[in-house]
Amino acid sequence: MIPELGQVALCLALAVALVQAIVPLWNPASAALARTAAQGQGLLIAFAFGCLTYAFVTNDFSVQYVAMHSNSALPLHYRVSGVWGGHEGSFLLWCLMLSVWMVAVSVFSSHLPEDMAARVLGVMGVLSAGFLAFMLFTSNPFDRLFPAPPDGRDLNPLLQDPGMVLHPPMLYMGYVGLSVAFSFAVAALLSGRLDAAWARWSRPWTTVAWVFLTVGIALGSGWAYYELGWGGWWFWDPVENASFMPWLVATALIHSLAVTEKRGGFRSWTVLLAIVAFGLSLLGTFLVRSGVLTSVHAFAVDPKRGIFILMLLALFIGGALALYAWRTARIGLGGAFEPVSRESLLLGNNVLLVAAAGTVFLGTLYPLLIDAVGAGKISVGPPYFETVFVPLMAPALFLMGVGPLARWKRASLPELAVRLRWALGVSLALGFLSPLLFGNWSAMVGFGLALAIWIVSTALLTLKKSLRQTRAHYGMVVAHIGVAAFVVGVTLVKGYESEQDAKMKPGEAVELAGYAFRLEEIASVKGPNYAGAQAKFVVSRNGKPVTVMYPERRHYTVQDQVMTEAAIDPGLTRDLYVSLGDPLEGGAWLVKVQHKPFIDWIWGGCLIMALGGLLAASDRRYRFAIRERRAAEAAA
Amino acid sequence: MKTIWLPLGFIALIGLLAAGLRLNPREVPSPLIGKPAPHFELPLLHEPDKRFTQRDMLGKVWVLNVWASWCPPCLVEHPVVTELAGSVPVIGLNYKDAREDALPWLKRNGDPYQFSVYDAAGRIAIDYGVYGVPETYVIDQKGVIRYKHIGPLTREVAQTRLRTLVKELDGGG
Chain Z
0 MIPELGQVAL
10 CLALAVALVQ
20 AIVPLWNPAS
30 AALARTAAQG
40 QGLLIAFAFG
50 CLTYAFVTND
60 FSVQYVAMHS
70 NSALPLHYRV
80 SGVWGGHEGS
90 FLLWCLMLSV
100 WMVAVSVFSS
110 HLPEDMAARV
120 LGVMGVLSAG
130 FLAFMLFTSN
140 PFDRLFPAPP
150 DGRDLNPLLQ
160 DPGMVLHPPM
170 LYMGYVGLSV
180 AFSFAVAALL
190 SGRLDAAWAR
200 WSRPWTTVAW
210 VFLTVGIALG
220 SGWAYYELGW
230 GGWWFWDPVE
240 NASFMPWLVA
250 TALIHSLAVT
260 EKRGGFRSWT
270 VLLAIVAFGL
280 SLLGTFLVRS
290 GVLTSVHAFA
300 VDPKRGIFIL
310 MLLALFIGGA
320 LALYAWRTAR
330 IGLGGAFEPV
340 SRESLLLGNN
350 VLLVAAAGTV
360 FLGTLYPLLI
370 DAVGAGKISV
380 GPPYFETVFV
390 PLMAPALFLM
400 GVGPLARWKR
410 ASLPELAVRL
420 RWALGVSLAL
430 GFLSPLLFGN
440 WSAMVGFGLA
450 LAIWIVSTAL
460 LTLKKSLRQT
470 RAHYGMVVAH
480 IGVAAFVVGV
490 TLVKGYESEQ
500 DAKMKPGEAV
510 ELAGYAFRLE
520 EIASVKGPNY
530 AGAQAKFVVS
540 RNGKPVTVMY
550 PERRHYTVQD
560 QVMTEAAIDP
570 GLTRDLYVSL
580 GDPLEGGAWL
590 VKVQHKPFID
600 WIWGGCLIMA
610 LGGLLAASDR
620 RYRFAIRERR
630 AAEAAA
Chain F
0 MKTIWLPLGF
10 IALIGLLAAG
20 LRLNPREVPS
30 PLIGKPAPHF
40 ELPLLHEPDK
50 RFTQRDMLGK
60 VWVLNVWASW
70 CPPCLVEHPV
80 VTELAGSVPV
90 IGLNYKDARE
100 DALPWLKRNG
110 DPYQFSVYDA
120 AGRIAIDYGV
130 YGVPETYVID
140 QKGVIRYKHI
150 GPLTREVAQT
160 RLRTLVKELD
170 GGG
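Chain order of the listed sequences is Z and F.
Following numbering that gives the first Met the number 0, the numbering of the first sequence begins with 0 at its first residue and continues without gaps.
Following numbering that gives the first Met the number 0, the numbering of the second sequence begins with 0 at its first residue and continues without gaps.
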């Protein structure tokens with residue numbers, strides 16, 4: 000009965016979404032109706048989501064989706080996260096996230112002109128209607144199975160992990176959050192009012208979406224690091240790229256919105272970025288869900304559904320681009336600026352970020368293109384991405400230091416040079432000297448560290464004149480320092496990581512980076528839905544004990560899948576990483592031990608970036624308008 | 000000008016993605032498909048003094064399945080191969096294996112093969128472009144390779160690809 004209620008709620012939500020899509024766009028005076036519709040729709044979708052969760056928690060295997068992705072032996076928290084462990088449920092999550100954003104817009108849009116609020120919610124209604132229709136027609140999570148199987152097929156063991164409980168909701172919040180920037184852009188194109196006010200309204204939304212996207216990507220990368228058991232943190236896999244491209248463009252968008260708000264410039268470019276950013280997140284959804292590319296992450300794949308997502312992509316983004324092409328002449332140019340100015344530096348940053356997104360895009364879709372023209376099967380791997388990506392990012396990181404110190408409209412190059420010479424000297428000297436601390440000098444590491452120090456020192460320089468800055472400014476400083484931490488992590492991991500494969504019997508030890516790993520024993524373990532072997536490693540350094548690590552090798556019985564559960568000893572300056580391989584003859588086991596210096600800085604850097612984003616989004620400038628308006632209402 | 004290339008580029012992208020939907024990224028084509036199966040002459044696994052060459056099967060549609068006792072995925076596909084052997088002649092190619100391991104393996108798991116040929120050095124595997132065991136080839140009456148599957152056979156592939164292809168070839172020949 001409960002699943003049918005969920006089904007009915009989804010159908011009603013579709014009806015409400017259609018009303019929300021049609022009425023406000025037809026008659027922009029109906030903002031109140033749009034708000035009510037958005038909130039009602041949010042309630043209906045949340046209710047449907049609750050119904051599916053209930054089916055998972057109560058092990059209702061008569062629901063096909065539950066039977067495919069859960070099992071009575073699955074622990075409760077994974078039964079809850081199993082809701083988004085497959086295609087149908089992850090789309091329901093997608094819709095839920097979209098409705099969360101819609102409700103947020105309906106609540107926090109009181110400072111917008113009524114017609115703008117109506118149009119934004121109308122565009123979001125179109126998006127929501129499209130996705131609800133997709134779900135109901137091609138991937139209904141509430142389909143029943145008759146007769147009901149006695150037990151379910153279990154959740155993919157790779158997804159039975161705490162990181163997976165959080166990663167998809169965060170990433171989807173980010174993906175879908177870009178729809179707000181998209182809706183603002185389309186609404187502005189419809190009304191023809193692309194001005195500084197529009198940019199100010201979009202900015203906090205875009206920044207918050209970017210924060211979620213950042214955290215989501217970081218969680219996914221962290222998950223791959225400890226769950227896939229290889230110790231890699233980024234594989235340039237199509238699915239990873241699918242989330243990375245919108246991130247790059249959203250980063251460009253944040254910076255370009257700053258120019259549009261402050262100087263009225265880049266308007267046409269900003270609108271285009273907002274459309275492209277959301278377009279890329281739809282493209283990402285398409286790539287992940289349709290299986291046109293092979294990936295380590297493609298868990299729920301069905302080519303037939305690809306057509307529908309592709310149609311939505313064509314409709315939404317094609318429509319927006321057509322509107323853009325039609326209206327672009329009316330957008331206007333905005334304030335003029337000199338070749339050396341904050342505008343031009345931000346433009347440089349934008350061009351580099353978009354070019355980087357372009358190279359990722361090419362690398363991701365190239366195998367598909369080659370295959371489609373019948374020229375063979377190829378795969379594009381990390382060597383391509385590293386070769387093209389680093390040269391694009393290095394100048395962007397350099398510009399990051401200059402931009403915030405340059406004046407708007409016109410900056411003086413000699414003056415900039417004076418302000419920056421110390422930072423430049425210090426970062427070059429420190430950067431290229433500090434690899435000596437690791438006992439092994441390398442130009443690559445020196446360059447990376449110099450860039451990181453450059454970013455931090457220039458970010459702090461912006462505070463030299465006065466510490467009384469806006470929260471938005473502090474947010475920028477914090478986010479840039481996060482980028483620096485990220486660069487430090489990547490540079491040192493790339494430069495100094497080491498690993499060793501060994502055949503080990505209990506009692507034997509291997510040595511790596513000054514640490515001795517002694518295999519004490521191997522015991523068998525039994526979990527709720529798996530059985531496996533657990534090794535005990537005693538790690539010591541110079542004879543002093545450091546830690547004890549327990550890597551596992553699990554066999555998940557229902558899906559008959561073997562999983563490596565690596566043991567990680569994390570630390571600020573290094574991770575120790577031990578994974579247990581196959582058993583060999585004579586009681587020996589294959590073991591891989593790895594030493595990863597500063598790897599946690601990679602995710603730490605992402606979290607600092609996200610923190611900076613939150614700080615910036617909470618700037619009072621964005622709340623000011625609300626208070627002003629309330630005051631005006633009170634006075635009237 | 001710029002208003003034209005933008006939608007055009009977008010339409011091209013959509014077209015590419017739509018085309019991509021009809022392709023299977025996991026399918027690796029073999030240059031051998033449509034070519035005569037490379038010649039070999041090898042001793043049988045069970046009877047080392049008897050020899051078999053692919054020419055002996057001319058006039059029949061048959062399946063060549065590369066396997067080894069050291070290969071766990073071979074054990075995974077074994078039930079599917081056994082089912083398949085009910086309707087098509089399946090000949091095994093025992094690859095880089097030792098007789099004393101291979102024979103007990105067949106005894107333990109059942110022997111679906113009409114017979115297996117024994118290639119301890121893995122020499123003919125190079126001619127056939129074997130790059131992962133197990134692999135499965137369909138060879139037609141004229142001795143031409145018509146299909147190649149890399150990795151363990153699944154029921155789905157055996158049903159939809161192999162059996163229909165064999166039926167087609169049998170009907171056509």
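Backbone N, C-alpha and C fix where the C-beta goes; we use that ideal spot for every residue, glycine too.
None of the values given here were measured: they were computed from a predicted structure.
### Query
Going along the chain, which residues of its own chain have a beta-carbon closer than 6 Å to the beta-carbon of proline 140(Z), five neighbours each way excluded?
Here the set comprises Leu51, Tyr64, Glu87, Gly88 and Leu91.
### C-alpha distance - proline 406(Z) paired with serine 340(Z), whole-angstrom precision
The displayed chain sequence assigns arginine, not proline, to residue 406(Z). So the alpha carbons of these two residues sit roughly 6 Å apart.
### Length of the line joining the Cα atoms of tyrosine 514(Z) and leucine 351(Z)
Just so you know, the alpha carbons of tyrosine 514(Z) and leucine 351(Z) end up roughly 41 Å apart.
### Query
Would the region 100–116 of chain F and the region 128–142 of chain F be scored as touching if the rule is three or more Cβ pairs under 8 Å?
Flag = no, the region 100–116 of chain F and the region 128–142 of chain F do not touch.
### Query
What first and last residue would you give for the beta strand (DSSP E) that runs through glycine 109(F)?
Careful: glycine 109(F) lies outside any beta strand (DSSP E) and carries neither H nor E.
### Query
Name the chain F residues that come within less than 9 Å of glycine 317(Z), Cβ to Cβ?
In chain order: Pro6, Phe9, Ile10 and Ile13.
### Task
Determine the extent of the alpha helix (DSSP H) in which phenylalanine 516(Z) is found, giving its start and end residues.
For phenylalanine 516(Z), there is no enclosing alpha helix (DSSP H); the residue is part of the beta strand (DSSP E) that begins and ends at 514–525.
### Task
Please list the residues of the region 144–170 of chain F that have a C-beta atom closer than 7 Å to any C-beta atom in chain B, keeping them in chain order.
In the structure shown, chain B does not exist; the protein chains are Z and F.
### Distance between alanine 119(F) and proline 133(F) (C-alpha atoms, nearest Å)
Distance between the alpha carbons of proline 133(F) and alanine 119(F) is about 15 Å.
### Message
Any C-beta of chain F within less than 8 Å: which residues of the region 576–595 of chain Z qualify?
### Response
Contact residues of the region 576–595 of chain Z toward chain F are absent (C-beta to C-beta distance below 8 Å).
### Task
Could you say which of Ser220(Z), Phe183(Z) and Ile521(Z) lies nearest to leucine 583(Z) if we only look at CA atoms?
Among Ser220(Z), Phe183(Z) and Ile521(Z), the Cα nearest to that of leucine 583(Z) is on Ile521(Z).
### Query
Which residues in the same chain have their Cβ closer than 6 Å to the Cβ of aspartate 96(F), if we skip the five residues on either side of it in sequence?
Excluding residues within five positions, the ones whose Cβ falls inside 6 Å are Ala67 and Ser68.
### Task
Tell whether a beta-carbon distance below 7 Å holds between glycine 176(Z) and glutamine 19(Z).
No, these two residues do not count as a Cβ contact at 7 Å.
### Task
Find the residues of chain Z that neighbour leucine 105(F), judging by a C-beta separation of less than 8 Å, and give them in chain order.
Chain Z residues near leucine 105(F): none, gap ~21 Å exceeds 8 Å.
### Own chain, CB closer than 8 Å to leucine 322(Z), minus 5 neighbours either side, in chain order
Taken in chain order, the residues that qualify are Val185, Leu188 and Leu189.
### Message
Comparing C-alpha positions only, which one of Pro403(Z), Gly347(Z) and Trp421(Z) sits nearest to leucine 391(Z)?
### Response
Nearest option by C-alpha distance: Gly347(Z).
### Message
With a threshold of 7 Å on Cβ separation, who are the neighbours of arginine 162(F) within its own chain once the five nearest residues in sequence on each side are excluded?
### Response
The beta carbon of arginine 162(F) sits closer than 7 Å to those of Ser86, all from its chain and outside the five residues before and after it, given in chain order.
### Message
Just to make sure I have the definition right: I need the residues of chain Z whose C-beta is within less than 8 Å of the C-beta of alanine 17(F). Which are they?
### Response
Neighbours of alanine 17(F) on chain Z, chain order: Ile306 and Leu309.
### Query
Shortest alpha-carbon distance to valine 537(Z) belongs to which of Trp235(Z), Ala530(Z) and Val577(Z)?
Taking only the C-alpha atoms, the option nearest valine 537(Z) is Val577(Z).
### Message
I'd like to check one pair, alanine 616(Z) with valine 104(Z): are the Cβ atoms closer than 7 Å?
### Response
Contact: no.
### Task
Determine the closest residue to phenylalanine 597(Z) out of Pro149(Z), Ile607(Z) and Pro569(Z), with distance taken between C-alpha atoms.
For the options Pro149(Z), Ile607(Z) and Pro569(Z), the alpha carbon positioned closest to that of phenylalanine 597(Z) is the one of Pro569(Z).
### Message
Measuring only the C-alpha atoms, how far is valine 455(Z) from isoleucine 607(Z)?
### Response
Rounded to the nearest angstrom, the two C-alpha atoms are 13 Å apart.
### Task
Enumerate in chain order the residues of its own chain whose CB-to-CB distance from leucine 427(Z) is below 6 Å, with the five nearest sequence positions on each side excluded.
Residues Ala449 of the same chain have their beta carbon placed closer than 6 Å to that of leucine 427(Z), with the five preceding and five following residues left out of the count.
### Message
In this structure, how does DSSP classify phenylalanine 136(Z) when only helix, strand and coil are distinguished?
### Response
If DSSP states are grouped into helix, strand and coil, phenylalanine 136(Z) belongs with the helices.
### Task
May I have the straight-line CA-CA distance separating leucine 24(Z) from alanine 319(Z), to the nearest angstrom?
Near 14 Å, if we compare the C-alpha coordinates of alanine 319(Z) and leucine 24(Z).
### Query
What are the start and end residues of the beta strand (DSSP E) that includes glycine 531(Z)?
Per DSSP, glycine 531(Z) belongs to the beta strand (DSSP E) from 529–540.
#### Entry: Bounding residues of the alpha helix (DSSP H) (the contiguous stretch that carries tryptophan 246(Z))
Counted as a single uninterrupted DSSP element, the alpha helix (DSSP H) harbouring tryptophan 246(Z) occupies residues 237–262.
### Message
Please classify histidine 594(Z) as buried or exposed, where buried requires at least 16 other C-beta atoms within 10 Å of its C-beta.
### Response
The residue is buried, with at least 16 neighbouring Cβ atoms inside 10 Å.
### Message
Under DSSP, the beta strand (DSSP E) around alanine 501(Z) begins and ends at which residues?
### Response
Start and end: 497–503.
### Neighbourhood of valine 387(Z) by C-beta distance below 6 Å, restricted to the same chain and skipping five residues each side
Excluding positions up to five away in sequence, the list reads Thr358.
### Task
Indicate the three-state DSSP secondary structure (helix, strand or coil) for valine 379(Z) in the structure shown.
In the structure shown, the three-state DSSP call for valine 379(Z) is coil.
### Task
Excluding the 5 residues preceding and the 5 following histidine 637(Z) in the sequence, name in chain order all residues of the same chain whose CB lies nearer than 6 Å to its CB.
An answer regarding residue 637(Z) cannot be provided, because it is not within the stretch 0 to 635 covered by chain Z.
### Query
Smallest Cα separation from phenylalanine 243(Z): which of Glu226(Z), Val287(Z) and His254(Z)?
Cα-wise, what sits closest to phenylalanine 243(Z) is Val287(Z).
#### Entry: Cross-chain neighbours of phenylalanine 285(Z) in chain F, by beta carbon under 7 Å
Within 7 Å of the CB of phenylalanine 285(Z), the CB atoms of chain F belong to Leu16, in sequence order along the chain.
### Message
Only counting the same chain, and skipping five residues up and downstream in sequence, which positions put a Cβ closer than 6 Å to that of valine 295(Z)?
### Response
Residue confidence is low: valine 295(Z) scores 47 on pLDDT, short of 50, so the model does not pin down where it sits. Its coordinate-derived value is still stated next. Within the same chain, valine 295(Z) has close Cβ partners Asp236.
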